[in-house]
Each structure stands twice: as structure tokens, then as C-alpha cells.
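Numbering (the working numbering), first residue to last: 96 to 427.
Some notes on the structure that comes next.
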Amino acid sequence: MDTAVLDQEEDRTTTDMVVAADGNIDTPTGLTARDTPNVPHVIGNYRVHEAAEVIPTLVGEAFEKLVEEIAQNGQWEAVVIHGDVLIEGVDTVRAIGVLKDRGIDIDLQAVPWQPRPEQTVPEFLAYKHLRGPRFTNAQRAQIAADLLPLIEKERTAAQESARIKPGQVLNPRGINKRTADKEGGNETCPTTDAKARNKSKIDRSTVGRIAAMASVTNYAAAQAVKIKRQAPCEVIEAVKAGVMKPKTVIAGFDEPADKGKPDPTKAGAKIDHPFKPTTPLQHDLLTGWVHLRDNKAAVVERQQARDDMRAILKAEEAAEQRASKPTEGGGK
96 MDTAVLDQEE
106 DRTTTDMVVA
116 ADGNIDTPTG
126 LTARDTPNVP
136 HVIGNYRVHE
146 AAEVIPTLVG
156 EAFEKLVEEI
166 AQNGQWEAVV
176 IHGDVLIEGV
186 DTVRAIGVLK
196 DRGIDIDLQA
206 VPWQPRPEQT
216 VPEFLAYKHL
226 RGPRFTNAQR
236 AQIAADLLPL
246 IEKERTAAQE
256 SARIKPGQVL
266 NPRGINKRTA
276 DKEGGNETCP
286 TTDAKARNKS
296 KIDRSTVGRI
306 AAMASVTNYA
316 AAQAVKIKRQ
326 APCEVIEAVK
336 AGVMKPKTVI
346 AGFDEPADKG
356 KPDPTKAGAK
366 IDHPFKPTTP
376 LQHDLLTGWV
386 HLRDNKAAVV
396 ERQQARDDMR
406 AILKAEEAAE
416 QRASKPTEGG
426 GK
């Protein structure tokens with residue numbers, strides 16, 4: 096090994112090493128609720144429910160067509176509200192606002208939200224929007240991936256509010272509904288079929304629930320989960336709007352981080368080192384040393400490693416010199 100590699104390396108400080116170590120931050124990603132910027136938080140006299148913001152709004156010609164239709168025929172479907180919160184009908188409220196700016200006053204028709212038992216707002220919107228022809232399978236899957244965390248959020252809040260407080264009695268007769276159901280023979284026997292158990296597990300998983308909510312395959316749901324976890328907000332919105340395809344987005348995830356960079360195993364590839372190799376042999380020697388230094392020796396041991404390497408090279412050179420000298424008494 097060329098000892099110039101070791102000599103030039105000693106001149107380098109450890110500042111870069113510390114910065115590199117500090118910069119290696121692992122940011123956890125998960126399937127969590129987030130704010131989406133596709134609609135304003137307040138529109139007209141209503142605050143927009145966070146689940147309603149997940150649904151892509153009409154844009155361009157589609158929105159202008161809605162405006163013209165309301166101008167000619169009036170509002171054909173009432174918006175759904177819960178107090179001062181707008182749950183369903185964001186595009187309708189927007190269109191009526193545009194008409195008002197154009198001098199056409201139309202009274203907004205609104206009805207209160209009447210949920211089914213234990214139904215959350217995101218579930219209501221999923222039923223409303225994810226079963227019609229407006230969205231593609233990919234769009235429905237991505238919308239469902241955004242709605243699922245909000246469903247969990249509302250269910251958790253409902254469970255907390257329904258929890259019995261200290262000193263509170265909700266069942267004075269002491270009848271346990273769950274026990275009564277078992278006594279009535281409503282308990283389901285556990286399945287023994289492996290395939291059925293596996294299907295049940297998938298159905299309970301995030302992918303399975305998204306697939307069921309959006310009426311898509313597990314594959315489409317899995318793509319939506321991956322995009323939800325890894326893609327930036329604007330990319331997720333583009334997928335929900337149908338502007339980008341999941342396949343294109345995921346292809347960007349799967350590309351190697353060093354794509355387009357020189358292969359470090361080939362001569363000529365750049366190595367972050369003060370010694371700059373000019374021949375393939377120097378490059379191979381430097382590559383081997385850097386690998387040994389970074390993977391085998393701690394920072395405090397690197398100087399000792401350099402000294403040991405010099406001693407090894409010196410002993411090797413001496414042995415070669417002795418071997419090259421004629422043996423005493425030998426020869427003719």
C-alpha cells in the first residue's frame with residue numbers, strides 16, 4: 096500500500112466524521128392523520144371538517160360546470176353540516192360563493208348530519224364518495240388511506256367519552272351485555288381453517304380495511320399505504336386527484352439512492368479521501384484501506400492502525416529484499 100494514503104489521511108480532522116454521524120437521523124414514518132391543503136379550512140360560514148378536506152375538490156372545467164348547473168337549475172342536493180362544521184358539500188358551497196361574487200344570490204340549503212349508530216364522519220364520507228364512478232381505483236385507495244387514521248381518531252375519542260367515570264353508574268341492574276350475548280349462544284366459534292384465519296387477519300389489517308373501504312384489491316390498498324407512508328403531501332394529493340399514478344410514484348421509491356453515481360468497486364470512482372488515486376492500483380489500495388478503517392477501527396484506534404500498516408509494509412519490503420539477494424555459497 097502507498098504510505099502517502101496514510102500520511103495525507105492524518106492531516107484530516109474528525110470534524111466531518113462528527114457531522115456525518117450527527118446527520119444520520121432516522122425519521123419514523125407511519126400511517127397517521129395529516130392536514131391536507133386541497134381545500135380551505137373555512138369556507139362560507141362553516142369550518143370544513145378535516146375528513147372533508149381529504150376528498151379532492153372539483154377544479155377547472157368540472158368545477159365551472161357545477162357552477163353553471165347551480166346557476167341554471169339551483170342547488171339540487173343539500174350540504175351536510177354538524178353545527179358550524181361542514182361535513183359534505185364543499186364544492187357546492189364553493190360554487191354558490193362564486194355565483195354570489197358574480198351577482199347571483201342562491202340560498203344555501205343545508206341539513207344536519209344524521210349518522211347511523213356508531214358511524215364516524217370519515218366513514219360517512221367514505222360511503223358517500225368511494226362507491227361511485229367519480230374516482231378511479233387508485234384514487235379511492237389513496238383517499239381511503241387518508242380517511243382510515245381519521246376513523247381511528249374519532250372512534251378513540253368516542254370510546255374515551257363513553258368510558259365510565261369514577262362514581263358513575265350506567266348499568267344499575269348489573270347485567271353484562273357481553274355475558275348475556277354468550278349465554279344466548281351468540282359467541283362465534285374460532286375457525287380452524289388456516290386459509291380462513293389468514294384472510295381474517297388480512298381483513299383486520301390496514302391494507303385489508305382500506306381495500307374493503309375503497310372496494311379495491313389488496314394490492315391497490317398496499318400501494319396506497321406505501322405512498323401514504325413515504326410520499327410527500329403534494330404527491331399524495333396528486334395521486335388522489337388522479338394526476339399521478341401509484342406505479343410511477345412507487346417506482347421513485349424503489350430506485351437506488353446512488354443511481355447515476357460511479358460504481359465504487361470500479362477504478363476511477365471517487366472516494367472521499369485527501370489522497371487522490373491516479374491509477375487503478377492506487378484506487379483499489381485506497382478502497383481497501385478506507386473499508387478497513389471505517390468498518391474495523393474505531394476513531395481512537397485509527398492512528399494505531401496506520402502505524403501497524405506501516406510496520407507491515409516495512410517488514411514485507413525487507414523480506415522481499417532479502418529474497419532478491421543471492422544466497423551465500425550459492426551459484427557457480
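Backbone N, C-alpha and C define an ideal beta-carbon position, used for all residues, glycine too.
Segment contact, 8 Å Cβ cut-off, at least three pairs: the stretch 149–167 with the stretch 231–247: yes
Taking C-beta to C-beta, are P207 and H177 nearer than 8 Å? yes
Cβ-based burial, Q387 [other Cβ within 10 Å; buried from 16]: Checking the displayed sequence, the identity of residue 387 turns out to be Leu instead of Gln. By the 10 Å Cβ count, L387 comes out exposed.
DSSP beta-bridge partners of V206: V175
Around the C-beta of K420, are 16 or more other C-beta atoms found within 10 angstroms, so that it is buried, or is it exposed? exposed
Opposing strand residues paired with R142 [DSSP bridges]: V137, V180
When K409, E415, W384 are compared against A400, the one with the closest alpha-carbon: W384
Nearest candidate by alpha-carbon position, reference A336, set A252, Q237, D202: Q237
Cβ-based burial, G169 [other Cβ within 10 Å; buried from 16]: exposed
Thinking T301 and E249 are a contact (beta carbons under 8 Å), I'd like their distance in whole angstroms, please. The Cβ separation is near 17 Å, so there is no contact.
List the endpoints of the continuous alpha helix (DSSP H) containing D200. Here D200 belongs to no alpha helix (DSSP H), and DSSP marks it neither H nor E.
Quick one: what does DSSP say L153 is sitting in, helix, strand or coil? coil
Which residues in the same chain have their Cβ closer than 8 Å to the Cβ of G192, if we skip the five residues on either side of it in sequence? I138, G139
So, for A309: in the same chain, excluding its five sequence neighbours on each side, which residues have a beta-carbon less than 6 Å away from its beta-carbon? L225, R235, A236, A239
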